[in-house]
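Undergrad:
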Amino acid sequence: MIVMLTAVFAQTMSSAPDIRTTEDPSVGSPFTVALGQTKISGLVHRVEIVDFGLEVSGKTKTGWFAYRHDCTGKIAVAHNSSSVTRFLQTQSGPQVFVDDISDLPGCGGGISAETDISTLGGICDSVNAIDVLVPITPEAVALAGGDETLVTSAVQAAILTSNEVYFNSELSLRVRAVDFLFLEDSEPAGAGALLDAMSNPADGVFDEIQAARDESKADLVALISGNDYAFCGVAFLGPGPGSVWSQTLFGCLAGYTFVHELGH
């Protein structure tokens, strides 16, 4: 799988996308998006101010489109049944990535959490925001060619996808990355061992995650990994404070794995 996922990032387009909507987008207004040579048109069905930025999304003929514009720049996602086009920020500037999601591995399932170690999480605010701490392993950064900006932008695009999923499901939930944490320890072998390392603050691996979660008051912890576990993600089964941990493979962020694992 690693070879296939790495090849995705060779499919960057030379021209930056031009994202166009009405000057003051509103529900029902038309939008057009040019991503390289591909133009996507539809009608806006969601406009929200989030964390000092703007999120706009809508339906297209073959799926849906969403974009976010804030102080960090623009990200955009266009989904259809078999592929995803993403406009992401990188260390060398914005680029467009086209991902075939038709044959991505599925979820690795849920694992029962044996240890209930932390009850500290953020208080829900008026928009029912779920605050997520996102630890990132060295292996995930390596898959992105060492580009930390690309990794965080891909996560923000997955969060944009998550918010669209919640909207389309008529759920009054939104998710946001409250902080990113770049880890120094290598990933342990096996996704189960990885979840154990995340949730155990005294085993010598990923021990900084718990302190970072307490400091950021994150509700959930969603780690981005790079090793090929033959599936896209895994999480502890909920509910309960000991079940807040999940893992998503960096190369699967274009699909729905991230929001699926949060749902465990």
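Numbering (the working numbering), first residue to last: 1 to 264. Cβ coordinates follow ideal geometry from the N, Cα and C atoms, glycine included. Quick caveat: nothing in here was measured; it's all calculated off a predicted structure.
Beta carbon of T137, beta carbon of S246: below 8 Å?
TA: For T137 and S246, no; Cβs fall outside 8 Å.
Undergrad: Determine the DSSP secondary structure at S41, reduced to helix, strand or coil.
TA: If DSSP states are grouped into helix, strand and coil, S41 belongs with the strands.
Undergrad: Enumerate in chain order the residues of its own chain whose CB-to-CB distance from H45 is below 7 Å, with the five nearest sequence positions on each side excluded.
TA: Around H45: V27, S57, G58 and K59.
Undergrad: In angstroms with no decimal places, state the Cα-to-Cα distance between V205 and F31.
TA: Between V205 and F31, the C-alpha separation is close to 47 Å.
Undergrad: Just the Cα atoms here: how many angstroms apart are V141 and D228?
TA: Rounded to the nearest angstrom, the two C-alpha atoms are 14 Å apart.
Undergrad: Let me check understanding here. Comparing Cα to Cα, which of V175, L181, F180 and L223 lies closest to A193?
TA: Comparing Cα-Cα distances from A193 to each of V175, L181, F180 and L223, the minimum goes to L223.
Undergrad: Restricting to runs no shorter than 3 residues, where is the beta strand (DSSP E) found entirely within the segment 224 to 249?
TA: Qualifying beta strand (DSSP E) stretches, in chain order: 233 to 237 and 245 to 249.
Undergrad: Can you find the residues in the same chain that come closer than 6 Å, C-beta to C-beta, to V244, ignoring five residues on each side of it along the sequence?
TA: L220 and V221.
Undergrad: Is the beta carbon of A218 closer than 8 Å to that of D179?
TA: Contact: yes.
Undergrad: Only counting the same chain, and skipping five residues up and downstream in sequence, which positions put a Cβ closer than 6 Å to that of L173?
TA: Cβ within range, chain order: N128 and Y166.
Undergrad: In chain order, which alpha helix (DSSP H) runs of at least 4 residues are fully inside the segment 171 to 200?
TA: Complete alpha helix (DSSP H) runs here, min 4: 191 to 199.
Undergrad: State the Cα-Cα distance for the pair E55 and L181, rounded to the nearest angstrom.
TA: Computed Cα separation, rounded: 24 Å.
Undergrad: For F52, which residues from the same chain have a beta carbon less than 8 Å from its beta carbon, with the 5 sequence-adjacent residues on both sides left out?
TA: Answer for F52: D70 and C71, listed in chain order.
Undergrad: Would the C-beta of T60 count as close to the ligand COA, meaning under 7 Å from any of its heavy atoms?
TA: For the ligand COA, the structure offers nothing, since it holds no ligand at all.
Undergrad: Applying the 10 Å Cβ sphere with the 16-neighbour rule, what's the burial state of E261?
TA: Burial call: buried.
Undergrad: So, with DSSP's three-state summary, where would you put Y67?
TA: Y67 falls in the strand class under three-state DSSP.
Undergrad: Below 8 Å on the Cβ atoms is my guess for V175 versus N163; work out the distance and round it to an integer in Å.
TA: Indeed they touch by this definition, with Cβ atoms about 6 Å apart.
Undergrad: So the alpha helix (DSSP H) I159 belongs to, where does it begin and stop?
TA: Residues E148 to N168.
Undergrad: Got a sec, what are the start and stop residues for the alpha helix (DSSP H) T137 sits in?
TA: Note, T137: premise wrong, no alpha helix (DSSP H); not H, not E.
Undergrad: Just confirm the distance between the C-beta atoms of E284 and E139, as a whole number of angstroms; I'd bet it's less than 8 Å.
TA: No statement about residue 284 is possible, as the shown extent of the chain runs from 1 to 264 and does not include it.
Undergrad: DSSP three-state label for V205, please.
TA: Three-state DSSP puts V205 in coil, outside helix and strand.
Undergrad: Round the Cβ separation of T283 and G233 to the nearest angstrom and send it over; I've been treating them as touching at under 8 Å.
TA: Shown here, the chain extends from 1 to 264; a query on residue 283 therefore has no answer.
Undergrad: Please say whether L160 and A78 have beta carbons closer to each other than 8 Å?
TA: Not a contact, by the Cβ cut-off of 8 Å.
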